[in-house]
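*Asks:*
Number of protein chains: 2
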Amino acid sequence: MVTINDVAEAAGVAPSTVSYVISGKRAISPKTRRLVEENIRKLGYHPHAGARALASSKTNVLAVVVPLRTDLNVSVVMEFIASAATAARAHDYDLLLLTKDEGPAALQRVASSALADALLVMDVEAADPRVPMLLALDRPVVLIGVPDHPDGLTCVDLDFAAAGSLSARHLAELGHRRIALVGPSPAVYERGTSYAPRFLRGFTETAREHGLAVSTRPCAHSYEAMRTCLDALFGDGPAPTGLVVHNEAVLPGLLSELRHRGLRVPEDVSVVAVCPDTMAEHHAVRLTTVAIPAEPVGTLAVEMVVRQLGGHTAPESGCSRPG
Amino acid sequence: MVTINDVAEAAGVAPSTVSYVISGKRAISPKTRRLVEENIRKLGYHPHAGARALASSKTNVLAVVVPLRTDLNVSVVMEFIASAATAARAHDYDLLLLTKDEGPAALQRVASSALADALLVMDVEAADPRVPMLLALDRPVVLIGVPDHPDGLTCVDLDFAAAGSLSARHLAELGHRRIALVGPSPAVYERGTSYAPRFLRGFTETAREHGLAVSTRPCAHSYEAMRTCLDALFGDGPAPTGLVVHNEAVLPGLLSELRHRGLRVPEDVSVVAVCPDTMAEHHAVRLTTVAIPAEPVGTLAVEMVVRQLGGHTAPESGCSRPG
DNA sequence: TTGAAAGCGGTACCAT
DNA sequence: ATGGTACCGCTTTCAA
Chain A
1 MVTINDVAEA AGVAPSTVSY VISGKRAISP KTRRLVEENI RKLGYHPHAG ARALASSKTN
61 VLAVVVPLRT DLNVSVVMEF IASAATAARA HDYDLLLLTK DEGPAALQRV ASSALADALL
121 VMDVEAADPR VPMLLALDRP VVLIGVPDHP DGLTCVDLDF AAAGSLSARH LAELGHRRIA
181 LVGPSPAVYE RGTSYAPRFL RGFTETAREH GLAVSTRPCA HSYEAMRTCL DALFGDGPAP
241 TGLVVHNEAV LPGLLSELRH RGLRVPEDVS VVAVCPDTMA EHHAVRLTTV AIPAEPVGTL
301 AVEMVVRQLG GHTAPESGCS RPG
Chain B
1 MVTINDVAEA AGVAPSTVSY VISGKRAISP KTRRLVEENI RKLGYHPHAG ARALASSKTN
61 VLAVVVPLRT DLNVSVVMEF IASAATAARA HDYDLLLLTK DEGPAALQRV ASSALADALL
121 VMDVEAADPR VPMLLALDRP VVLIGVPDHP DGLTCVDLDF AAAGSLSARH LAELGHRRIA
181 LVGPSPAVYE RGTSYAPRFL RGFTETAREH GLAVSTRPCA HSYEAMRTCL DALFGDGPAP
241 TGLVVHNEAV LPGLLSELRH RGLRVPEDVS VVAVCPDTMA EHHAVRLTTV AIPAEPVGTL
301 AVEMVVRQLG GHTAPESGCS RPG
């Protein structure tokens, strides 16, 4: 293993000088700098992460807690991870991956054993048991999602209320008078993940403001559940002419089923799908999409936590929602 | 921060004794053990990962390199990560996440700076530039996917040849005489990712053995591309009656398009989809699925690399393919 | 069965 | 502008 001493010796300087060349924490003569940098390259020197962490109390690692449930939007999670990873590297951080089902104890473990400098926590629930833990941790944290009591923790979230509102307004502007929402799985609502009700609220309120008739239903992830859901929405009374699908999984089936029932899209019913644009491209019919831009959220979350690590002690008050 | 010295002092023993209680590397009297363990709990002691890594040259971290391209099967990647993360924790390892687009240099960096003890590399290509790098690294490695020249590196992979073969045989046994394959995006083939051609080979060979007429086409991820693909497969000569879709992204659109063309599934054409079972459930028509069980692969990969770390020096020869 | 102490490879303070 | 060195928290060898 190449150590800082090897580099120092080869360059004919003190180890501390090598350290300072790397960190830039004190002035170095151009000559010495060149000499050291040359030897770093030549020897292929990489500082030992553990030694560094021990001496500096900094790991340059961010822990990311991600949900691995499949009833959740897989592509959004991936998009988030991808952008977070990229943003992290841009700030010279690496990502340590934790799964949500390790529970609050994992956060404790990672923080206390100095495996990471800060934590990003996805899929935060209304009364998330991890929130009190995170508050006790005394490390920078960014929550992705908004719990009932953030208590000063920084949150980033997609503005699902706005997305719901946008979906409703779009249909209102197309002239629809009766609209319906196919929501996420009931399990999502029960878990108290805040995004579902927030979307619902935005949707309902805006629809009401436009004087639209609204019906809404959660929908589990099966063809059967989706059919039952459509039965309910189209069953009694005048049928809706606009449909918002906030449930990626059932979208393909739903489109088939609509066709099966003789409902053409968009002639008989307009469909707004809450999903990535790329997904809509794979369908035959014309859909409007309301994208969930997970990518900027991943980037933003990393940037916020890096800012906190940079000594920005006062946590950003409240919770921002880009998008 | 609670250190091993704090625990030692509280328990009235030497720091080394605490260390040995934790590692179990030497005999400890029951009395002392109890005493130490009590104080560890009471003080909430967690060994400092960096210090540990420095002293022992072991990080208890596995680096995982994942592809974040969206033209790749997102759910397979997630499934892999999830199972790898779980398996890793079961062996007391954490996962460091690297993205494929950081290239070979990232592997170098992580290994040389002792950020991880071993590497898991997904989405390995035929002439993968990371392979020579990995060989030079002198750390345990498990490749997910098989390059042209593994040169002794351990590989795990899904048996795509078998999956291709299975797809063809299934259609043969249903009595079909003319079958077709809608393959992954041309980009996948160009990249030389081995799974695509392996599937193709298994498919083609088995079809030939059964005396079936075969046509195959890659298919990019757009509705247009998919239609062009169907045009080609169904255009000239007698139409196939069995269709294998090795391309998750276009599946929903393809099913719509078939219906649009007046082809009923499975009456007019049988469809075998290579995708997770859960995905098939979301469609209206009866599909046969050939699942890609990423989960056992993630687990297996971790287990293999952990075994190597356990001193199993001789790399498992060749490449295993579960499933 | 346990203790003492020498490193592991950096960082950052104190000198010069 | 640079060098010397104590110390970060843990592991492990050597002694007792």
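Chains A and B, in that order, are what the protein sequence lines are.
Take the first sequence: its position 234, counted from the start at 1, is 234 in full-length UniProt numbering, and no numbers get skipped.
Take the second sequence: its position 270, counted from the start at 1, is 270 in full-length UniProt numbering, and no numbers get skipped.
Ideal Cβ positions, reconstructed from N, Cα and C, are used throughout, including at glycine.
Can you give, in chain order, each stretch of the beta strand (DSSP E) that sits fully within the stretch 30 to 103 of chain A and has at least 3 residues?
*Replies:* Whole beta strand (DSSP E) segments, 3+ residues: 61 to 66 and 94 to 99.
*Asks:* Are at least three pairs of beta-carbons, each pair with one atom in the stretch 198 to 207 of chain B and one in the stretch 166 to 185 of chain B, less than 8 Å apart?
*Replies:* Touching, per the Cβ criterion.
*Asks:* Is the CB-CB distance between Val-66(A) and Val-77(A) below 8 Å?
*Replies:* Here residue 66(A) refers to the residue found at position 66 of the first sequence. Here residue 77(A) refers to the residue found at position 77 of the first sequence. Against a cut-off of 8 Å, the Cβ pair of Val-77(A) and Val-66(A) comes out as a contact.
*Asks:* Report yes or no: is there a C-beta of chain A within less than 8 Å of the C-beta of His-260(B)?
*Replies:* As a position in the second sequence, residue 260(B) is number 260, starting the count at 1. By this cut-off, His-260(B) is an interface position.
*Asks:* Return the Cβ separation of Val-245(B) and Ala-273(B) in integer angstroms, given the expectation that the two are a contact with Cβ distance under 8 Å.
*Replies:* For this step, residue 245(B) is matched to residue 245 along the second sequence. For this step, residue 273(B) is matched to residue 273 along the second sequence. Contact flag correct, Cβ pair sits at about 5 Å.
*Asks:* What separation, rounded to the nearest whole angstrom, lies between the Cα atoms of Thr-154(B) and Val-64(B)?
*Replies:* The count along the second sequence starts at 1 and reaches residue 154(B) at position 154. The count along the second sequence starts at 1 and reaches residue 64(B) at position 64. Distance between the alpha carbons of Thr-154(B) and Val-64(B) is about 15 Å.
*Asks:* Does the beta carbon of Ser-317(B) come closer than 8 Å to any beta carbon on chain A?
*Replies:* Taking the second sequence and counting its residues from 1, the one referred to as residue 317(B) is at position 317. With a pLDDT of only 45 at Ser-317(B), under 50, the local geometry of the prediction cannot be trusted, and the value read off the model is given with reservation. It does not: the Cβ of Ser-317(B) has no partner Cβ on chain A nearer than 8 Å.
*Asks:* Assuming contact is defined by CB atoms lying nearer than 8 Å, are Pro-252(B) and His-283(A) in contact in what I supplied?
*Replies:* Along the second sequence, one-based indexing puts residue 252(B) at 252. Along the first sequence, one-based indexing puts residue 283(A) at 283. Result yes, Cβ atoms of Pro-252(B) and His-283(A) sit closer than 8 Å.
*Asks:* In angstroms, rounded to a whole number, what distance separates the CA positions of Ala-111(A) and Glu-38(B)?
*Replies:* Position 111 of the first sequence holds residue 111(A). Position 38 of the second sequence holds residue 38(B). Spanning the two alpha carbons is a distance of roughly 21 Å.
*Asks:* Mind checking the stretch 96 to 119 of chain A against chain B and listing, in chain order, the residues whose C-beta falls within less than 7 Å of any C-beta there?
*Replies:* From the stretch 96 to 119 of chain A, only Leu-96, Leu-97, Thr-99, Glu-102, Arg-109, Ser-112, Ser-113, Ala-114 and Leu-115 have a Cβ closer than 7 Å to chain B.
*Asks:* Kindly indicate if chain A contains any beta-carbon less than 8 Å away from that of Asp-6(B).
*Replies:* On the second sequence, position 6 is the one that residue 6(B) refers to. It does not: the Cβ of Asp-6(B) has no partner Cβ on chain A nearer than 8 Å.
*Asks:* Helix, strand or coil for Glu-125(B) per DSSP?
*Replies:* Counting from one through the second sequence, the residue named residue 125(B) turns up at place 125. Three-state result, Glu-125(B): strand.
*Asks:* Using Cβ-Cβ distances below 8 Å, what residues of the stretch 228 to 251 of chain B are close to chain A?
*Replies:* Going along the stretch 228 to 251 of chain B in chain order, one finds Ala-249, Val-250 and Leu-251 with a Cβ nearer than 8 Å to chain A.
*Asks:* Quick check on Ala-291(A) - is its C-beta less than 8 Å from some C-beta in chain B?
*Replies:* On the first sequence, position 291 is the one that residue 291(A) refers to. Ala-291(A) does not count as touching chain B.
*Asks:* According to DSSP, is Leu-120(A) part of a helix, a strand, or is it coil?
*Replies:* Residue numbering aside, residue 120(A) sits at position 120 when the first sequence is read from its first letter. Looking at Leu-120(A) - three-state DSSP - the assignment turns out to be strand.
*Asks:* Taking 8 Å as the cut-off, does the stretch 129 to 140 of chain A touch the stretch 288 to 303 of chain A (at least 3 CB pairs, one atom from each stretch)?
*Replies:* Segments in contact, no.
*Asks:* So, are the CB atoms of Leu-309(B) and Pro-186(B) less than 8 Å apart?
*Replies:* Reading the second sequence from its first residue, position 309 is the one you call residue 309(B). Reading the second sequence from its first residue, position 186 is the one you call residue 186(B). No, the pair does not count as a contact, with Cβ atoms beyond the cut-off.
*Asks:* Using the C-alpha atoms, what's the distance from Leu-137(A) back to Val-36(A)?
*Replies:* Taking the first sequence and counting its residues from 1, one reaches residue 36(A) at position 36. Taking the first sequence and counting its residues from 1, one reaches residue 137(A) at position 137. Cα to Cα, the separation comes out at about 39 Å.
*Asks:* Is the shortest distance between the beta-carbon of Pro-15(B) and the beta-carbons of chain A less than 8 Å?
*Replies:* To locate residue 15(B), count along the second sequence from 1; it is residue 15. It does not; no Cβ of chain A falls within 8 Å.
*Asks:* Of all the residues that make up the stretch 260 to 289 of chain A, which are near chain B by a beta-carbon distance shorter than 7 Å?
*Replies:* Cβ contacts with chain B come from His-260, Thr-278, Glu-281, His-282, His-283 and Ala-284.
*Asks:* Would a C-beta distance cut-off of 8 Å place Glu-303(A) and Ala-87(A) closer than the cut-off?
*Replies:* Position 303 of the first sequence holds residue 303(A). Position 87 of the first sequence holds residue 87(A). Yes, the pair counts as a contact, with Cβ atoms nearer than the cut-off.
*Asks:* Measure from the C-beta of Leu-255(A) to each C-beta in chain B and report whether the shortest distance is under 8 Å.
*Replies:* As a first step, residue 255(A) is located in the first sequence; it is residue number 255 there, counting from the start. With 8 Å as the cut-off, Leu-255(A) counts as an interface residue toward chain B.
*Asks:* Return the residues of the stretch 35 to 53 of chain B that lie within a Cβ-Cβ distance of less than 9 Å from chain A, sorted by chain order.
*Replies:* From the stretch 35 to 53 of chain B, only Gly-44, Tyr-45, His-46, Pro-47, His-48, Ala-49, Gly-50, Ala-51, Arg-52 and Ala-53 have a Cβ closer than 9 Å to chain A.
*Asks:* Do Leu-115(A) and Ala-49(B) have their C-beta atoms within less than 8 Å of each other?
*Replies:* Taking the first residue of the first sequence as position 1, residue 115(A) is located at position 115. Taking the first residue of the second sequence as position 1, residue 49(B) is located at position 49. In this structure, Ala-49(B) lies closer than 8 Å to Leu-115(A) by Cβ.
*Asks:* Thinking C-beta only, is Gly-164(A) closer than 8 Å to Pro-218(A)?
*Replies:* Position 218 of the first sequence, counted from the first residue, corresponds to residue 218(A). Position 164 of the first sequence, counted from the first residue, corresponds to residue 164(A). Not a contact, by the Cβ cut-off of 8 Å.
*Asks:* Give me whichever residues DSSP pairs with Thr-241(B) in a beta bridge.
*Replies:* For the purposes of this step, residue 241(B) is taken as the residue at position 241 of the second sequence. Thr-241(B) is not bridged to any residue.
*Asks:* Just the Cα atoms here: how many angstroms apart are Val-214(B) and Leu-287(B)?
*Replies:* Numbered from 1 along the second sequence, position 214 holds the residue referred to as residue 214(B). Numbered from 1 along the second sequence, position 287 holds the residue referred to as residue 287(B). In a straight line, the C-alpha of Val-214(B) is about 20 Å away from that of Leu-287(B).
*Asks:* Determine, using beta carbons only, whether Ala-187(A) comes closer than 8 Å to chain B.
*Replies:* Position 187 of the first sequence, counted from the start, is the residue given in the question as residue 187(A). It does not; no Cβ of chain B falls within 8 Å.
*Asks:* Between Arg-89(A) and chain B, is any beta-carbon pair separated by less than 8 Å?
*Replies:* As a working note, residue 89(A) is residue 89 in the first sequence. Judged by the 8 Å Cβ criterion, Arg-89(A) is in contact with chain B.
*Asks:* Please report the residue range of the beta strand (DSSP E) in which Ile-144(A) lies.
*Replies:* Against the first sequence, residue 144(A) aligns to sequence position 144. Element bounds for Ile-144(A): 141 to 144.
*Asks:* Buried or exposed: which applies to Gly-237(A), given that a residue is buried once 16 or more other Cβ atoms fall within 10 Å of its Cβ?
*Replies:* Looking up residue 237(A) in the first sequence gives position 237. Classification for Gly-237(A): exposed.
*Asks:* Output the boundary residues of the beta strand (DSSP E) element that contains Cys-155(A).
*Replies:* In the first sequence, residue 155(A) corresponds to position 155, counting from 1. That run of the beta strand (DSSP E) goes 154 to 156.
*Asks:* Examine chain A for any beta-carbon lying closer than 8 Å to the beta-carbon of Val-18(B), and answer yes or no.
*Replies:* Counting from 1 along the second sequence, the entry for residue 18(B) is found at position 18. It does not: the Cβ of Val-18(B) has no partner Cβ on chain A nearer than 8 Å.
*Asks:* Taking only three categories from DSSP, how would you classify Ile-179(A)?
*Replies:* Locating residue 179(A) in the first sequence gives position 179, counting from the first residue. The answer is strand: DSSP assigns Ile-179(A) an E or B state.
*Asks:* Check the Cβ-Cβ distances between Leu-68(B) and every residue of chain A, and say whether any is below 8 Å.
*Replies:* Taking the first residue of the second sequence as 1, we reach residue 68(B) at position 68. Interface residue, yes.
*Asks:* Does the beta carbon of Gly-323(A) sit closer than 8 Å to a beta carbon anywhere in chain B?
*Replies:* Along the first sequence, one-based indexing puts residue 323(A) at 323. Confidence at Gly-323(A) is low in this model, with a pLDDT of 44, below 50, so the placement of that residue should be treated as unreliable; the coordinate-derived value is given next. By this cut-off, Gly-323(A) is not an interface position.
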